[in-house]
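The listed protein sequences derive, respectively, from chains A and B. Residue numbers are given in our numbering: position 123 of the first sequence equals residue 123, and the series is strictly consecutive. Residue numbers are given in our numbering: position 119 of the second sequence equals residue 1119, and the series is strictly consecutive. Okay, structure first, notes after.
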Amino acid sequence: MAALEVRGLRKQFGGVVALNGIDLDIDTDRVVGIVGPNGSGKTTLFNVVSGVHPATGGTVFWQGQDITNIGAHRIARKRLVRTFQQAMSFPGLTVDENVRIAWEQGRRGGGRWTSPGMILDFVGLAPLGRTIAGSLPFGSLRRLGLAVALGVSPELLLLDEPGAGLNDSEAQAFASVIAQLPPQGIGVCLIDHDMDMMSDLCDRLVVLDFGTKIAEGPPSQVLADPKVREVYLGPDKKAAAP
Amino acid sequence: MPMTDNSAGKTGATPEGVRARDRLALLTADNAAVPLPAGVQAITAILLAVLLIALPWLGLGYRFLSIAITTLYTAIGLYGLGLQFGQAGIMSVGHAALMGVGAYASAILSVQLGLGFWTSLPFAMALSAIVGGVIGLPTLRVGGQHYIIITFCFCALFVIVLTNGGTFTGSATGLDVGSVTPLPGINFDKLSNNYYLVLAALFLALAATYLIGISRYGRTLRAIRENEQLARSVGINVDLHKLGVLMVSGLFAGLAGVLQLYYLRHISPTLFGAFPSLYLALMVMLGGARYLYGPLIGAVVVNFLPEVLNLDPVDSRIAYGVCLLLVILLLPGGVGAGIKNICCAIRGGSETQVGGSNGRA
Ligand SMILES: Nc1ncnc2c1ncn2[C@@H]1O[C@H](COP(=O)(O)OP(=O)(O)OP(=O)(O)O)[C@@H](O)[C@H]1O
Ligand SMILES: [Mg+2]
């Protein structure tokens, strides 16, 4: 039994069907990637699983418990934590305080960090502890987003395009931080558009299109799938590689 | 379990000594990157306490002491407002009505059941807290702007109910109470003793505000103020804490209202209507809701300004309006922020107010 089990998950915004019956199993000992064209429902999947939006139908099980629609804060307390596509922080507070807030929440029932400073060290933000989060450069803001999520001591981390807007070297540094998580007991489910990085980083890829899962498996196999190539390149350009 | 990072230069965590200083700095200096040193803060606190305690002996006269009492109980109410607005980011423009709930509860308990100051105080505070929470219920569903309108409506409604409450609320004339039940050796009919009673309550309010500010609870409130969605996603029960802080604010308001009642000995609906409520909002913005001494500064300025400048009521309303505009335009963090910035400038700190969203409250 996987730690996170999504069964027949549906989400409708008015007439828009953003998720159309998704089934998904995610374990906490690896990096699972979620890819798909813009508007395919990746972020919506995270939003519904993490309780930001209520599900229209279907069920989400976390560690065997039904957590569908129980509320975002309760899901976070069960150590299923997500980050946001739009880099988020508590902008008026210092970096230290940002991480401390999350750390204090994660400490209930025993967290993995003995101090917020450890988390800052881990993501490489320790020198910026006294800076106001709202004045951080974008790359550091992304790191802070990760640090805040890590502060909650997650067992599974849902990362929504953590590398978006970063330059190549920043993105690479970020990927190397992410790669360290599963060996520490933090499972990662990662959304990103950078296929090279995704195939390096992920043990398994899931492809969404129009709210439906169209492929799943090891990156090499998924990227060779004709259905996936069609989605990414259109039916008339099947010859080109994604 | 320590994890090692490879990507960035390591300077290690902040030393514990600095962290203790931060803790002190949190409220007085909001979350500024340049905190005032703990020594400066401690000296400020001691000087202020000595000044406030010595005030009745400075021979400033009956009128001065009366205004001082008004200032202090108003400040107590403002500390509640400072908590909900400065820390949690929920503004109210009906706060006088919440003080009125406490005042009227205590007055009615006195008239109907003969309960005195001390016995009615807990009930009055509890009722204010409950009413604060109930008015707050809609704010969980609608945005902050709607909540502001709701508080304003509550204020108007409260006055209407009181005015039409017959003998129970004393209608437009209001209600009278006796003096505060004397403690052994202390008779509160004496103005200076009444002053010390209110001052003791103010110290409690200050201490509570300070302790909340440096605690995990305070950080939780600031997280909600800064980013509700992120707060939820790290496991904070945002709805519960919003209601909670409005109830805590109601406790402060109830205490202030009862002190007001027993200082004036007579209350009527107009004391708790729209204008007094707007003044409270003005005072807290003027002083700086996020700063430990902000509410007190706001109360002092607004209560003493007409006296110092010798203004009649109409002129002083105009003066308040101008003050508020000036503060919003020139000192968005209130006078508290201004003073802190001056301190930092004197100390030679270069980065006084850092960050985009700072100083709004
Ligand atoms: N809050 C919302 N209200 C209405 N429609 C929404 C909302 N959120 C998402 N949608 C719609 O749901 C669909 C899926 O959007 P979603 O953000 O999940 O896509 P995505 O795969 O994350 O795309 P991207 O790669 O651009 O981030 C889109 O058609 C979008 O317009
Ligand atoms: Mg998205």
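Ideal Cβ placement from N, Cα and C applies to all residues, glycine included.
Check whether the Cβ atoms of V1308 of chain B and L1282 of chain B lie closer than 8 Å to each other.
no
Work out the CA separation of Q221 of chain A and I132 of chain A for me, nearest whole Å.
45 Å
Cβ atoms of F210 of chain A and N47 of chain A: under 8 Å apart, would you say?
no
Curious, which full-length alpha helix (DSSP H) runs of at least 4 residues does the stretch 87–141 of chain A contain?
95–106 and 116–123
Distance CB(D23 of chain A)-CB(A2 of chain A) smaller than 8 Å:
D23 of chain A is not a Cβ neighbour of A2 of chain A, given a cutoff of 8 Å.
DSSP three-state label for R77 of chain A, please.
helix
Could you have a look at N1358 of chain B and say whether DSSP puts it in helix, strand or coil?
The predicted position of N1358 of chain B is uncertain, since its pLDDT is 33 and thus under 50; no value can be drawn from it.
Taking the alpha carbon of I214 of chain A as the point to measure from, which residue in A:V231, A:M118, A:D196 and A:R82 has its own alpha carbon closest?
Selected option, being the one with the closest Cα: A:V231.
Cβ-Cβ distance between L1109 of chain B and Y1195 of chain B below 8 Å:
no
Coarse secondary structure for A1032 of chain B, derived from DSSP in three states:
Residue placement at A1032 of chain B cannot be trusted, given a pLDDT of 43 that sits under 50; the coordinates are not used to answer.
Exposed or buried, C202 of chain A, counting other C-beta atoms within 10 Å across all chains shown (16 or more means buried)?
buried
Looking at T43 of chain A and ligand 1, is the gap between the Cβ and the nearest heavy atom below 7 Å?
yes
In whole angstroms, what separates the C-alpha of F90 of chain A from that of L141 of chain A?
10 Å
Excluding sequence positions up to five away, which residues of its chain have a Cβ less than 6 Å from the Cβ of G41 of chain A?
Only A18, L19, L208 and G211 meet the Cβ criterion.
Should R1063 of chain B be labelled buried (16 or more other beta-carbon atoms within 10 Å of its own) or exposed?
exposed
Beta-carbon contacts of F1304 of chain B that lie in its chain and below 8 Å, excluding the five residues immediately before and after:
I1067 and T1071
8 Å Cβ cut-off: residues of chain A touching I1186 of chain B:
The contacting residues do not exist; I1186 of chain B stays about 42 Å from chain A at best.
Rounded to a whole number of angstroms, what is the C-alpha to C-alpha distance between Q12 of chain A and I1342 of chain B?
54 Å
Run through DSSP, which three-state label would Q85 of chain A get?
The answer is coil: DSSP assigns Q85 of chain A none of H, G, I, E or B.
Any non-hydrogen atom of ligand 1 closer than 7 Å to G21 of chain A Cβ
no
Decide yes or no for the touch test of the stretch 1212–1227 of chain B against the stretch 73–84 of chain A: beta carbon pairs closer than 8 Å, at least 3 of them.
no
Tell me, to the nearest whole angstrom, how far the beta carbon of I1130 of chain B is from that of P1138 of chain B; I am working on the premise that it is less than 8 Å.
Not a contact, Cβ separation roughly 15 Å.
Quick check on the burial criterion: 16 or more other C-beta atoms within 10 angstroms. Buried or exposed for C1323 of chain B?
buried
Could you work out which residues of chain A lie near I1230 of chain B, taking near to mean beta carbons separated by less than 8 Å?
Reading off the sequence shown, one finds Leu at residue 1230 of chain B, where the question assumed Ile. Per Cβ cutoff of 8 Å: F84, M88, S89, F90 and V148.
Apart from the five residues on each side of it in sequence, which residues of its chain come closer than 6 Å, Cβ to Cβ, to I191 of chain A?
I34, K42, D160 and E161
Nonlocal neighbours in the same chain, by C-beta distance under 8 Å from N1310 of chain B, ignoring five residues either side:
none
For D196 of chain A, which residues does DSSP report across the bridge?
Beta-bridge partners of D196 of chain A (DSSP): none assigned.
Which residues, in order along the stretch 66–78 of chain A, keep a beta-carbon less than 7 Å from a beta-carbon of chain B?
A72, H73, A76 and R77
With C-beta atoms as the reference, is L1251 of chain B less than 8 Å away from G1080 of chain B?
Taking 8 Å as the Cβ cut-off, L1251 of chain B and G1080 of chain B qualify as a contacting pair.
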